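The next block holds one structure in the form of structure tokens; read it before the comments.
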Amino acid sequence: MKNDMISFGHYLQSLREEKGLTLEEIAEKTNIRITILRDIEAGNWSQLPEPVFLRGMLRSYATVFSINPQEIISRYHMAIGEPLATKAIGQAPRVGFPFVKRKKNHLFKIFIWLLVLIALVLLGIRIASLVSDLPANQTEMRTSEKKTSFSSENKPSLLKSELISLQVTATEKAWIRIKQDEKSIDYLLNSGETVQLTLPLTSTIVFGNAGGIQITHNNKVLPLFGKSGEVRTATLSSILSQETQ
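Counting along the sequence shown from 1, when you hit position 170 you're at 185 in our numbering, and nothing is skipped either side.
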């Protein structure tokens, strides 16, 4: 192999001398250090750069000598005993299909966005359903409470016949509506809140969440008028009748 490398170096030297060029002139034209040029022509391959860099230098040689670079590269591979890799004639290169993967990724993203959209639609329907189930619309109840709170101004219209004093305590979030002579007063109570009422015996009371409202009369707690979540309506006289049962 060493003799082959020396022969390859002499081959390059003969090309240079045929052109009448010195090593200094070759170094200037190819930007290759003159020490490397000497080692190439002397066949001193142990001092030369890695083959990948050396092949680039040899192509620069070919440019200066106006010959096909592949010819010099082929001679170089023969000198080092390494066959030059060539592509089989007529053999088509193996080509992958990255577009198939991209298409699958695109379809997967569309599928995910559809799932998110469906989830948002279902969530909106659920929220709308919950809002529609609120008793008598809590926002309107608060407004009604402010407008028709049980003050001394509207007592005279309600206080007809015998008056009864009650204490109403919410054990859960609930609401009550007091009806008398086509007028009504709404109360929205949070758990633990208490309201004192003085009502005519002919009054009617609507319980929202009947199981969460506790009525006390004459320091006696009356039985619950229904279960949690139930809406019940009763006259005050029927409520008080449970006191004697």
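We treat Cβ as the ideally placed atom computed from N, Cα and C, and that holds for glycine. The model shown is predicted, which means the values in this text are computed figures rather than measured ones.
For lysine 198, the enclosing beta strand (DSSP E) has its first and last residue at 198-204. Following the DSSP letters along the chain, one finds glycine 223 inside the beta strand (DSSP E) bounded by residues 219-223. In this structure, Leu214 is the residue among Leu214, Ser199, Val210, Ile51 with its C-alpha nearest to the C-alpha of serine 180. Excluding sequence positions up to five before and after lysine 242, its CB lies within less than 7 Å of the CB of Ala225, Gly226, all in the same chain and listed in chain order.
Contact check for isoleucine 87 against leucine 73 passes: the beta carbons are separated by less than 8 Å. Cβ neighbours of proline 238 within its own chain (closer than 6 Å, five residues either side excluded): Gln257. DSSP, reduced to helix, strand and coil, places threonine 231 within a strand of the structure shown. Collapsing the DSSP output to three states places leucine 36 in coil.
For glutamine 85, the uninterrupted alpha helix (DSSP H) segment begins and ends at 84-94. By the criterion of a C-beta distance shorter than 7 Å, leucine 52 is surrounded in its chain by Leu38, Ile41, Ala42, once the five residues flanking it on both sides are discounted.
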